Amino acid sequence: MKIEIIDDKFDPWQSLVDYKKNELQNDPKIGASSIFLGTMRDFNEDYDVDAMHLEHYPGMTEKYLENIVQTAIKKYKLIGGLVIHRVGLLEPTDPIVLVATWSDHRDSSFSATRDIMESLKSEAPFWKKESTDKGFRWVQPVDKTESSNEIQ
Amino acid sequence: MKIEIIDDKFDPWQSLVDYKKNELQNDPKIGASSIFLGTMRDFNEDYDVDAMHLEHYPGMTEKYLENIVQTAIKKYKLIGGLVIHRVGLLEPTDPIVLVATWSDHRDSSFSATRDIMESLKSEAPFWKKESTDKGFRWVQPVDKTESSNEIQ
Amino acid sequence: MKVQVKYFANIKDLMGKDTEDIKDMNSITVGELWLNLTKDMDIQIKVLYAVNQVYVSKDYKLNDGDEIAFFPPVTGG
Amino acid sequence: MKVQVKYFANIKDLMGKDTEDIKDMNSITVGELWLNLTKDMDIQIKVLYAVNQVYVSKDYKLNDGDEIAFFPPVTGG
Numbered sequence: 001m002k003i004e005i006i007d008d009k010f011d012p013w014q015s016l017v018d019y020k021k022n023e024l025q026n027d028p029k030i031g032a033s034s035i036f037l038g039t040m041r042d043f044n045e046d047y048d049v050d051a052m053h054l055e056h057y058p059g060m061t062e063k064y065l066e067n068i069v070q071t072a073i074k075k076y077k078l079i080g081g082l083v084i085h086r087v088g089l090l091e092p093t094d095p096i097v098l099v100a101t102w103s104d105h106r107d108s109s110f111s112a113t114r115d116i117m118e119s120l121k122s123e124a125p126f127w128k129k130e131s132t133d134k135g136f137r138w139v140q141p142v143d144k145t146e147s148s149n150e151i152q
Numbered sequence: 153m154k155i156e157i158i159d160d161k162f163d164p165w166q167s168l169v170d171y172k173k174n175e176l177q178n179d180p181k182i183g184a185s186s187i188f189l190g191t192m193r194d195f196n197e198d199y200d201v202d203a204m205h206l207e208h209y210p211g212m213t214e215k216y217l218e219n220i221v222q223t224a225i226k227k228y229k230l231i232g233g234l235v236i237h238r239v240g241l242l243e244p245t246d247p248i249v250l251v252a253t254w255s256d257h258r259d260s261s262f263s264a265t266r267d268i269m270e271s272l273k274s275e276a277p278f279w280k281k282e283s284t285d286k287g288f289r290w291v292q293p294v295d296k297t298e299s300s301n302e303i304q
Numbered sequence: 305m306k307v308q309v310k311y312f313a314n315i316k317d318l319m320g321k322d323t324e325d326i327k328d329m330n331s332i333t334v335g336e337l338w339l340n341l342t343k344d345m346d347i348q349i350k351v352l353y354a355v356n357q358v359y360v361s362k363d364y365k366l367n368d369g370d371e372i373a374f375f376p377p378v379t380g381g
Numbered sequence: 382m383k384v385q386v387k388y389f390a391n392i393k394d395l396m397g398k399d400t401e402d403i404k405d406m407n408s409i410t411v412g413e414l415w416l417n418l419t420k421d422m423d424i425q426i427k428v429l430y431a432v433n434q435v436y437v438s439k440d441y442k443l444n445d446g447d448e449i450a451f452f453p454p455v456t457g458g
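Chains as they are written, first to last, in our numbering: chain A, 1 to 152; chain B, 153 to 304; chain C, 305 to 381; chain D, 382 to 458.
In structure tokens form, the structure reads like this:
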């Protein structure tokens with residue numbers, strides 16, 4: 001398992017190759033890899049977006065990401081799991097998040113990567129602020145049922 | 153959309169970069185990429201496997217893959233779809249199949265890549281023959297409910 | 305009428321060839337053709353039928369010039 | 382008792398700072414602390430509570446030395 005919070009642009013494919021080679025030793029028991037890459041769009045809802053700033057809560061973010069990936073590894077008996085999340089100032093087309101899991105069969109890696117993304121979106125303390133054609137704005141969560149402790 | 157049947161070892165990450173750059177022009181409307189990579193294991197059930205031969209039905213394979221990807225593009229309003237499938241003689245750790253889809257939001261690319269893989273596994277005319285420690289064997293489909301016209 | 309037949313995977317091994325042309329044939333179903341081709345064999349395997357590169361059921365009626373394929377359940381991916 | 386408070390995202394903008402130490406505090410819940418800190422403000426936004434980097438409900442009772450964070454629903458990924 002590897003979790004990385006990174007404030008520079010990263011190459012997701014190189015990161016995959018490196019992790020699989022260095023951490024998984026290209027394990028020939030691997031039959032399936034499922035990968036999700038989130039990239040920055042130049043629009044959101046009705047806005048044109050030219051830049052984005054990603055803030056996070058250092059410490060808590062890593063703790064939650066590690067827990068999320070560890071849970072998936074146990075549940076799906078994964079061979080490996082990797083999450084890289086960008087913070088800082090981003091431009092359109094920049095990679096934001098990479099989630100990858102490796103397993104023997106496809107079912108487990110498909111489900112694990114999906115689970116990790118959904119948990120990351122609802123639990124990991126990251127916040128996006130967009131620079132748009134109508135000024136700066138904090139991004140609102142899409143899901144209205146998103147967990148919250150209280151509505152003020 | 154791009155479908156490729158290839159009888160040489162391929163680099164899935166380079167293929168992704170090339171497709172996204174050349175066919176999708178690094179479209180800044182892309183927010184999500186979901187990728188599945190199937191790789192050759194050195195075991196299957198109780199067998200050690202040292203090599204595999206992948207046979208296919210030229211013409212019918214491409215037709216079905218194109219139809220499968222086209223169906224997913226329409227259903228999920230994808231920005232792009234790529235399938236590369238290896239044929240010929242493979243060694244353990246070789247990439248077998250790459251499925252990738254690009255969309256604005258994650259739901260559609262996650263579901264599309266999964267749908268394409270499931271349809272490919274049940275419809276696309278490929279057959280695996282393994283060279284194992286107990287001799288050559290044609291791989292049997294795992295799913296007992298797999299579609300078939302008749303049991304003889 | 306005349307058709308072209310293709311065999312794949314273990315069906316190809318079984319038939320000892322990957323293709324054959326069949327001439328002077330009556331109009332029959334793809335299932336009947338399969339039974340004719342294998343009538344001297346004791347076959348206990350699943351077979352799928354494709355005509356002109358599309359899956360069909362055993363009741364599909366063949367036409368002159370058809371490309372017919374017999375093969376086992378697919379195992380790609 | 383004494384606690385450290387952290388603010389993130391729009392809550393940080395609202396409070397005009399990203400952290401503060403609160404001393405000589407009574408033992409209260411995290412929800413009560415939030416109401417105290419914002420009692421002069423008209424706040425119409427969602428807030429989440431974390432204590433020692435774990436999500437807690439508003440009824441969580443604070444202890445000496447706690448690291449408390451207030452922030453809006455997360456939007457990463």
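Even for Gly, the Cβ is constructed at its ideal location relative to N, Cα and C.
Please read all numbers here as calculations on a predicted model, not as lab measurements.
Alpha carbon to alpha carbon, how far is residue i from residue j?
i	j	result
Met60 (chain A)	Lys75 (chain A)	22 angstroms
His53 (chain A)	Pro12 (chain A)	19 angstroms
Asp346 (chain C)	Met319 (chain C)	12 angstroms
Pro377 (chain C)	Ile79 (chain A)	29 angstroms
Asn367 (chain C)	Lys281 (chain B)	33 angstroms
Phe162 (chain B)	Thr323 (chain C)	30 angstroms
Gly369 (chain C)	Lys306 (chain C)	6 angstroms
Lys229 (chain B)	Met153 (chain B)	12 angstroms
Lys121 (chain A)	Glu207 (chain B)	41 angstroms
Gly233 (chain B)	Lys173 (chain B)	13 angstroms
Thr419 (chain D)	Ile426 (chain D)	12 angstroms
Arg137 (chain A)	Gln70 (chain A)	33 angstroms
Glu298 (chain B)	Ser361 (chain C)	Any reading at Glu298 (chain B) must be qualified, since the residue scores a pLDDT of 43, below 50, and its modelled position is unreliable; the value itself is stated next. When rounded, the distance between both Cα atoms is 15 angstroms.
Gln140 (chain A)	Asn44 (chain A)	11 angstroms
Met329 (chain C)	Asp160 (chain B)	40 angstroms
Lys316 (chain C)	Tyr47 (chain A)	59 angstroms
Gly412 (chain D)	Tyr430 (chain D)	8 angstroms
Phe312 (chain C)	Ile326 (chain C)	17 angstroms
Gly240 (chain B)	Asp256 (chain B)	35 angstroms
Val309 (chain C)	Asp344 (chain C)	18 angstroms
Thr132 (chain A)	Tyr171 (chain B)	29 angstroms
Glu4 (chain A)	Pro95 (chain A)	13 angstroms
Gln14 (chain A)	Gly458 (chain D)	20 angstroms
Lys398 (chain D)	Tyr57 (chain A)	15 angstroms
Leu242 (chain B)	Val142 (chain A)	44 angstroms
Asn314 (chain C)	Thr39 (chain A)	45 angstroms
For a quick check, are the C-beta atoms of residue i and residue j less than 8 angstroms apart?
i	j	result
Thr456 (chain D)	Trp102 (chain A)	no
Tyr359 (chain C)	Thr333 (chain C)	no
Leu65 (chain A)	Val83 (chain A)	yes
Lys41 (chain A)	Gly287 (chain B)	Here residue 41 (chain A) turns out to be Arg, not Lys, going by the sequence shown. For Arg41 (chain A) and Gly287 (chain B), no; Cβs fall outside 8 angstroms.
Ala112 (chain A)	Ala72 (chain A)	yes
Gln357 (chain C)	Lys215 (chain B)	yes
Ile372 (chain C)	Leu337 (chain C)	yes
Thr93 (chain A)	Asn178 (chain B)	yes
Ser261 (chain B)	Ser185 (chain B)	yes
What residue does the beta strand (DSSP E) around residue i start on, and which one ends it?
i	result
Gln308 (chain C)	307-311
Leu89 (chain A)	88-90
Met204 (chain B)	199-208
Thr132 (chain A)	126-132
Arg137 (chain A)	135-138
Ser185 (chain B)	184-191
Thr400 (chain D)	400-403
Thr253 (chain B)	247-255
Tyr436 (chain D)	435-437
Tell me the residue span of the alpha helix (DSSP H) that contains residue i.
i	result
Met186 (chain A)	Because chain A is modelled from 1 through 152, residue 186 (chain A) falls outside the range shown and cannot be assessed.
Glu214 (chain B)	212-228
Pro12 (chain A)	12-22
Val334 (chain C)	334-341
Report back the beta-carbon spacing between residue i and residue j to the nearest angstrom; my notes put them in contact at under 8 angstroms.
i	j	result
Leu98 (chain A)	Leu24 (chain A)	Rounded, the Cβ-Cβ distance is 15 angstroms, inconsistent with contact.
Leu16 (chain A)	Ala100 (chain A)	6 angstroms
Ile187 (chain B)	Arg238 (chain B)	With a Cβ gap of about 16 angstroms, Ile187 (chain B) and Arg238 (chain B) do not count as contacting.
Val428 (chain D)	Phe451 (chain D)	5 angstroms
Met269 (chain B)	Arg114 (chain A)	In fact, because the Cβ distance is near 13 angstroms, the residues do not count as touching under 8 angstroms.
Does the beta carbon of residue i sit closer than 8 angstroms to a beta carbon anywhere in chain E?
i	result
Gly458 (chain D)	Annotation note: the requested chain E is absent from the structure, which comprises protein chains A, B, C and D.
- Item | Residues of the stretch 9-42 of chain A with Cβ closer than 7 angstroms to any Cβ of chain B, in chain order | Per Cβ criterion, the list reads Trp13, Leu16, Val17, Asn26, Pro28, Lys29, Ile30, Gly31, Ala32, Ser33, Ser34, Ile35, Phe36, Leu37, Gly38, Thr39, Arg41, Asp42.
- Item | Residues of the stretch 395-414 of chain D with Cβ closer than 8 angstroms to any Cβ of chain A, in chain order | Gly412
- Near-chain A residues of the stretch 264-281 of chain B (beta-carbon distance less than 7 angstroms), N- to C-terminal order: Arg266, Met269
- Which of the residues in the stretch 76-100 of chain A, read from start to end, lie with their CB under 8 angstroms from any CB of chain B? Listed in sequence order: Pro92, Thr93.
- Could you name the residues of the stretch 194-212 of chain B whose beta carbon sits closer than 9 angstroms to any beta carbon of chain C, in the order they occur along the chain? Residues Leu206, Glu207, His208, Tyr209, Gly211, Met212.
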